[in-house]
Structures are given as C-alpha cells and as structure tokens.
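2 protein chains.
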Amino acid sequence: MALELYWGSGSPYSWRVMLALEHKRLPYQSHLLEFSKQEPKSPHMLKLNFRGQVPVLKDGDYVCFESLAILYYLDLKYPEPPIFGRSAEESGVIMRVICEFQAYVEPDLMKITRLVFSGSVAKELDAITRAMHTVGNEARTIEGRLSKSDWIVGESVSAADFVIFPSIQLLLRALRRSEAADLRSRFLPMRVNYPALARWISRMEALPGYERTYPPHWREQPASAAS
Amino acid sequence: MALELYWGSGSPYSWRVMLALEHKRLPYQSHLLEFSKQEPKSPHMLKLNFRGQVPVLKDGDYVCFESLAILYYLDLKYPEPPIFGRSAEESGVIMRVICEFQAYVEPDLMKITRLVFSGSVAKELDAITRAMHTVGNEARTIEGRLSKSDWIVGESVSAADFVIFPSIQLLLRALRRSEAADLRSRFLPMRVNYPALARWISRMEALPGYERTYPPHWREQPASAAS
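Line by line, the protein sequences give chains P and Z.
Residue numbers for the first sequence follow the working numbering, so the first one is 2 and each next one is one higher.
Residue numbers for the second sequence follow the working numbering, so the first one is 2 and each next one is one higher.
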C-alpha cells in the first residue's frame with residue numbers, strides 16, 4: 002500500500018485529507034497520532050514535517066504536508082474523480098472560495114473553538130463576540146451559495162467542501178459545550194438559522210466512507226447536546 | 002485584449018499576479034486603483050469582488066479574485082511556462098511552501114508592516130518584537146532553501162517565488178523607515194544577515210518584465226535609505 006496518512010483525531014486539517022482520500026477511493030495506511038502524547042512532534046514525525054504538525058501524507062518516498070497542498074497533490078496524482086473542478090474556470094472558483102475561507106473565516110473560527118475548549122469564554126467575551134460576528138457573516142455568505150447549489154462550488158462535491166466542512170463541524174462541537182451556552186443562539190439550531198448549511202452537512206455526512214473519517218474521540222466524548 | 006487586471010500599488014497580493022502575468026508573457030489591460038480614493042470599493046468593483054479587495058482578474062466574462070486562486074487559474078488556463086511545477090510531486094512542494102508562508106509568516110509580516118506604516122512601533126513594541134522573532138526564524142528557513150537552489154522550490158522560478166517575494170519587499174520597505182530603526186538590525190543589511198535571500202532578490206529583480214510590476218508609488222516615495 003503506497004499511501005500513508007499521519008493524522009490526529011479532531012484536527013480539521015487532517016479531516017479534509019481523509020474526506021478527499023475517501024472521495025477518490027484511495028486506500029491508505031492510517032497512522033493516528035495522539036496529540037496528548039505529542040506524537041506529531043516525535044523524532045520520526047519531525048523528520049517528515051519539521052513543524053511537528055499533521056496531516057502528513059506519504060506516497061512511497063514522497064512526503065507532503067499542509068492540508069491544502071496534500072489535496073492539490075492528490076488531485077494531480079490521482080485525478081479521478083477531480084476535487085478541484087473540470088475546467089480552469091471552475092478550478093479558479095474552488096481555489097478562490099478556499100482562499101476566502103482561510104483568510105476571512107478560519108482565523109476567527111479557530112479562535113472561538115480555542116477559547117471555548119480552553120474554558121476562556123467568560124474571560125475573553127469581547128474577543129469571542131467579535132469573532133462570532135465575523136464567522137456569522139461569513140456563514141451567511143456560504144448559506145447563500147448553498148441555497149443555490151447542493152455543494153459549495155459547482156455541481157459536485159469538491160475540495161471547497163472538504164476544506165470548509167471539518168471546521169464547521171468543529172465550531173458546532175464547540176458551540177454545543179455548556180461553556181458556549183450564551184454564544185450559540187446566533188448559530189443553533191442550524192436548521193432554523195442556516196437551513197441550507199444544515200442540509201449540506203447532512204449531505205456531507207451521507208458521502209461514501211464518511212464514517213471512516215469521523216474523529217474517533219468525538220464518538221467517545223460527544224459534546225453536550227444543544228440542538 | 003482578453004485579460005484585465007485590477008490592482009493597487011504596493012499591494013503584495015497584486016504584485017504576485019503581475020509577476021505571474023509577466024512570466025507567462027500574457028498581455029493584459031491594467032487598471033490601477035487608488036486605495037486612498039477607496040476605488041477597490043467602488044460600485045463597479047464591488048460587482049466584481051464583493052469584498053472590495055484587489056487583485057481582481059477578468060478574463061473575458063470570467064472573474065477571479067484572491068491572489069493564489071488567480072495564480073492557480075492562470076496556470077491552468079495558460080500552462081506554459083508552468084508556475085506550479087511540472088510533476089504532481091513538485092506541484093505539491095510548491096503549494097506546501099506557499100501554504101506555510103501564508104500560515105506561519107504572512108500574519109506576523111503584515112502585522113509588522115502595518116504597525117510601522119501607521120507609526121505604532123513604540124506603542125506596540127512587544128507585539129512587533131514577537132512578530133519580528135517569528136518572521137526572522139521563518140526567513141532563516143527560506144534562507145536555507147535558497148542556499149541550496151536559485152529559486153524557492155526546484156530549478157525554476159515558480160508561484161512560490163511570486164507569492165513570497167512581494168511580501169519580503171514590503172517588509173524591507175517598512176524596515177527602512179526611520180520609525181523602524183531599532184528593529185532592522187536583525188534583518189539589514191540583507192547581504193550580511195540573509196545572503197542567499199539577498200541574492201534571490203537580485204535574481205527576482207532581473208526577471209524579464211520585472212520593472213513593469215514594481216509599485217509605481219514606491220518609485221515616487223522611496224523609503225528612507227537604510228542598508
């Protein structure tokens with residue numbers, strides 16, 4: 002088996018790559034690393050990625066990291082089915098939407114989840130409220146896209162869906178925590194506030210192989226139910 | 002003429018695209034927008050990019066924004082000479098290095114330039130010192146790459162060079178300002194502290210068409226000389 006993936010449970014960056022591997026029906030050897038044991042920073046892993054981060058993909062002797070670069074590599078090396086579109090124009094839109102997500106959503110989204118999971122909501126209420134405002138506005142834009150199409154870009158699932166979905170799931174998990182009770186009304190329940198996004202989440206969850214990509218420790222420790 | 006570029010003088014994101022257009026010898030109609038007059042947020046421009054940001058590329062009826070997406074689109078639409086490599090493996094490394102730059106260098110680099118140009122160095126000395134530390138370390142990594150090769154990735158100039166170069170030039174311009182006198186010793190003179198980077202900058206400046214990409218207002222208002 003040529004492909005090997007080093008990943009962490011709950012890492013949205015790892016999840017992106019796993020969704021792409023399932024979509025392309027590429028078998029791979031799975032190496033689940035424990036963040037709590039600092040396994041991504043083991044000497045073996047630092048040789049593969051000196052930053053000590055996951056995901057890392059090995060394809061024979063070739064090593065790639067940074068999730069977007071892995072998606073891009075996989076699409077060039079194993080082109081069918083494509084995840085970056087079938088024309089230059091469609092590819093440009095997919096990459097543009099990914100860049101927008103990374104530039105205008107991800108920093109604030111990750112800030113929210115970090116503050117919730119570290120129990121710092123009360124202490125950082127101003128910062129988290131500002132971040133929620135930005136993420137809420139951007140979610141409205143994505144909601145607009147999904148109210149016109151089943152997928153984020155174009156007529157089929159693409160790298161844009163794979164990049165955005167895990168972060169949305171992480172945000173929802175954070176918002177369902179009791180510490181986030183005062184924050185969640187803007188988003189939850191999703192079927193009321195963001196109905197197209199809610200339907201897209203169901204669609205993503207029905208993709209072949211989805212269950213294999215779901216963070217294992219999320220199954221063992223569900224967030225307290227909220228919606 | 003099919004291609005049109007809307008850009009701003011001194012915008013590193015615009016500069017990336019101009020370098021790629023010159024490299025591919027693609028003629029384009031140039032629309033220089035004035036930031037001081039809020040031209041990127043004019044009704045006409047908001048129709049092309051609702052975020053009111055540049056660069057924006059028009060190719061006939063097709064519109065693309067976000068600099069990395071434009072580079073990607075251009076490479077698919079006008080493949081020769083390639084800027085994302087000639088093999089999946091090389092492409093993966095180019096994209097990986099771009100992602101690393103965007104994730105680990107750009108936020109702090111842009112913070113430094115923003116604080117210098119807004120005259121906030123003294124007031125934000127702790128924040129700027131931390132940012133300089135990060136950028137200095139990452140510049141050391143890039144210096145390592147360039148001490149082994151003429152270009153950031155592989156044997157020819159690529160999108161990685163086009164993405165990184167304008168931000169480095171912007172940083173150097175900031176560090177040459179008198180407000181940055183106490184900050185610059187870590188970087189300047191480049192030929193002493195980062196000799197491979199300094200040689201690479203000269204190499205980039207010698208690329209065909211480079212002069213046409215140089216920010217026009219930088220010529221008119223040179224930063225005070227420092228190194």
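Even glycine gets a Cβ: it sits at the ideal position worked out from N, Cα and C.
Remember, it's a predicted structure, so these values are computed and weren't measured experimentally.
Buried or exposed, going by whether 16 or more other CB atoms sit within 10 Å of the CB of residue i?
i: R177/P; result: buried
i: P82/Z; result: exposed
i: Q54/Z; result: buried
i: A226/P; result: Confidence at A226/P is low in this model, with a pLDDT of 45, below 50, so its placement is unreliable and the value that follows should be read with caution. Flag for A226/P reads exposed.
i: L147/Z; result: buried
i: R17/Z; result: buried
i: L20/P; result: buried
i: R185/Z; result: buried
i: L173/P; result: buried
i: N138/Z; result: exposed
i: S31/Z; result: exposed
i: F51/Z; result: exposed
i: E156/Z; result: exposed
i: P56/P; result: buried
i: S15/Z; result: buried
i: E206/Z; result: exposed
i: S12/P; result: buried
i: L47/P; result: exposed
i: G210/P; result: exposed
i: G86/P; result: buried
i: E221/Z; result: exposed
i: D60/P; result: buried
i: D162/P; result: buried
i: D62/P; result: exposed
Please decide whether residue i counts as near chain Z, where near means a Cβ-Cβ distance under 7 Å.
i: L69/P; result: yes
i: A89/P; result: yes
i: L47/P; result: no
i: L172/P; result: no
i: M19/P; result: no
i: K78/P; result: yes
i: R229/P; result: The question about residue 229/P has no answer here: the residues shown for chain P are numbered 2 through 228.
i: S228/P; result: A caution first: S228/P carries a pLDDT of 36, below 50, which makes its placement in the model too unreliable to give a value.
i: Y29/P; result: no
i: S92/P; result: yes
Verify whether the separation of the beta carbon atoms of residue i and residue j is less than 7 Å.
i: E23/P; j: T214/P; result: yes
i: A89/Z; j: K149/P; result: no
i: G120/P; j: Y74/Z; result: no
i: I71/P; j: A160/P; result: no
i: V136/P; j: I129/P; result: no
i: L34/Z; j: P41/Z; result: yes
i: E107/P; j: L116/P; result: no
i: A132/P; j: D109/P; result: yes
i: P217/P; j: S10/P; result: yes
i: C65/P; j: L69/Z; result: no
i: A104/Z; j: E144/Z; result: no
i: V98/P; j: V154/P; result: yes
i: F102/Z; j: I165/Z; result: yes
Taking the DSSP output, what are the residues bridged to residue i?
i: C1/Z; result: Not covered by the structure: residue 1/Z. The range shown for chain Z is 2 to 228.
i: W8/Z; result: L33/Z
Using a C-beta cutoff of 7 Å, does residue i count as contacting chain P?
i: P150/Z; result: Sequence inspection shows Ser at residue 150/Z; the Pro mentioned does not correspond to that position. Chain P contact via Cβ: absent.
i: Y74/Z; result: yes
i: Y63/Z; result: yes
Looking at C-beta atoms only, is the number of pairs between the stretch 168-188 of chain P and the stretch 5-14 of chain Z that lie closer than 8 Å three or more?
no
Contact the stretch 160-171 of chain P vs the stretch 199-208 of chain P: 3+ CB pairs below 8 Å
yes
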